[in-house]
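Q: Each residue of the sequence shown is one higher than the last, beginning at 639 in this note's numbering.
Take a look at the following structure, please.
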Amino acid sequence: MVKVTTQTITYTDPSRTDRPLKTTLWSPAEIDLTKAVKKLPLILLSHGSGSNRLSLAWLARPLAEQGCIVAAPDHFGNTFDHPEPEQFKRYWERPRDLSFLLSQLQRDYGGVIDNDQIFAIGFSLGAYSVLALAGVNVDQNLIKQKEKAVLNVAQSTDMPTFGKLTGKVVEADPSEVPPDLKDERFRKVVALSPALGSGLGSFDQTKNVEIPILLIAPGGDKIAPVDLNGRVYHHFLPAAKYTELPQNVGHFIFLPYKKSFPSADAFWYQDAPGVDRQQIHQQTIQQISQFLLK
């Protein structure tokens with residue numbers, strides 16, 4: 639097994655009010671990223687709303703063990719430890735974060751990055767983020783119409799603070815949402831528990847997608863229900879590979895496994911009887927590796 643090294647860097651985007659992106663990198667320990675010995679795949683990860691860059695470490699490390707550089711930023715103001723209501727609303731800043739981060743990584747480590755193998759993986763609102771990079775354009779007017787009731791019922795009931803913040807997406811002014819966030823440098827994307835599928839209503843919104851996409855949607859998702867999200871994305875992206883997990887698997891299955899946790903954290907870490915989060919993680923790692931790297 640390849641040893642993995644990690645480092646944390648903060649990049650600041652001066653074009654967006656000096657927006658900081660605290661980023662963790664995982665990479666094979668044997669590779670000096672500053673020296674062009676060989677080219678490696680680069681994978682960017684996008685966490686869910688109200689989470690942080692380390693929430694997908696269970697996925698980052700095995701990908702780095704397979705010879706990839708993996709980079710995960712904190713989406714500023716959209717994390718659990720630095721929540722800013724305005725940033726929970728401005729979901730379109732997240733794809734911009736990933737495009738900016740990619741530019742910085744290409745500048746600093748371009749000698750070891752294989753530009754033909756640049757990928758992105760996102761969870762929940764992070765899944766929307768990587769789909770936007772692929773060329774998906776959601777309609778904020780549709781989101782405002784369809785999403786409010788779902789957010790109120792699914793989130794606010796069980797976790798009022800979380801629901802109040804994540805529900806901010808319905809408050810965004812449609813005129814503020816950029817019409818196109820596509821970044822052609824990304825060659826494949828993976829969307830886990832995808833959100834904001836309610837913003838799709840026409841094939842015109844996905845006509846610019848030209849790259850392979852893998853969608854994995856939990857059948858029992860109450861935060862981003864499959865009938866409004868996973869299945870909708872698949873309908874408008876018929877060429878995408880689509881996996882729907884069983885109906886007892888919930889939205890947060892792609893957060894880390896924890897053997898024990900305080901009762902207050904059960905919202906994120908407690909699965910339904912019969913659901914093995916570690917097993918699903920292993921299956922997901924294998925499926926993603928096959929999709930991206932084979």
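Where is the CB? At the ideal position from N, CA and C, for every residue including glycine.
Please read these numbers as outputs of a predicted model, since none were measured by experiment.
With a cut-off of 8 Å, do at least 3 Cβ pairs link the region 754–774 to the region 816–824?
A: Touching, yes.
Q: Under the rule that 16 or more other beta-carbon atoms within 10 Å means buried, what is Asn775, buried or exposed?
A: Buried, by the Cβ-count rule.
Q: Give me whichever residues DSSP pairs with Tyr880 in a beta bridge.
A: Paired residue(s): Leu853.
Q: List the residues that DSSP assigns as beta-bridge partners of Val642.
A: Per DSSP, Pro666.
Q: Does the region 805–815 come close enough to the region 743–753 that 3 or more CB-CB pairs lie under 8 Å?
A: Contact fails: fewer than three Cβ-Cβ distances are below 8 Å.
Q: Ser836 to Leu694, Cα distance in whole Å?
A: Cα to Cα, Ser836 sits roughly 25 Å from Leu694.
Q: Evaluate Arg745 with the Cβ neighbour count: other Cβ atoms within 10 Å of its Cβ, from every protein chain shown; 16 or more gives buried, anything less gives exposed.
A: Answer is exposed; the Cβ neighbour count stays below 16.
Q: What residues in its chain sit with their C-beta under 6 Å from that of Gln843, if we drop five residues either side in the sequence?
A: Excluding positions up to five away in sequence, the list reads Asn775.
Q: What ranges does the beta strand (DSSP E) occupy inside the region 733–786, keeping only unbroken runs of at least 3 residues that lie completely in it?
A: With a minimum length of 3 residues, the continuous beta strand (DSSP E) runs that stay inside the region 733–786 are 751–761.
Q: What is the residue span of the beta strand (DSSP E) that Lys826 lies within?
A: Counting along the chain, the beta strand (DSSP E) containing Lys826 begins and ends at 826–830.
Q: Where does Lys845 land, buried or exposed, given buried means 16+ other C-beta within 10 angstroms?
A: That one is exposed.
Q: Beta-carbon separation of Leu930 and Ala833 under 8 Å?
A: Not in contact: Leu930 and Ala833 (Cβ atoms no closer than 8 Å).
Q: In the DSSP output, what is Leu659 paired with across the bridge?
A: Its beta-bridge partners are Tyr649.
Q: What residue range does the beta strand (DSSP E) around Val870 cover?
A: It is not in any beta strand (DSSP E) - Val870 instead sits in the alpha helix (DSSP H) that spans 868–874.
Q: If you draw a straight line from the alpha carbon of Glu722 to that of His713, how long is it in whole angstroms?
A: Those two C-alpha atoms are separated by around 11 Å.
Q: How many angstroms separate the CA atom of Val724 from the CA atom of Thr717?
A: It should be pointed out that residue 724 corresponds to Glu in this sequence rather than to Val. Each residue's alpha carbon lies about 12 Å from the other.
Q: What's the gap between the Cα of Gln704 and the Cα of Asn753?
A: Cα to Cα, Gln704 sits roughly 17 Å from Asn753.
Q: My assumption, with CB atoms under 8 Å, is that Arg691 sits in contact with Ala710. Please give the rounded CB distance.
A: Correct: roughly 4 Å between the Cβ atoms.
Q: Going by the beta-carbon positions, is the gap between Ala765 and Ala829 smaller than 8 Å?
A: Yes.
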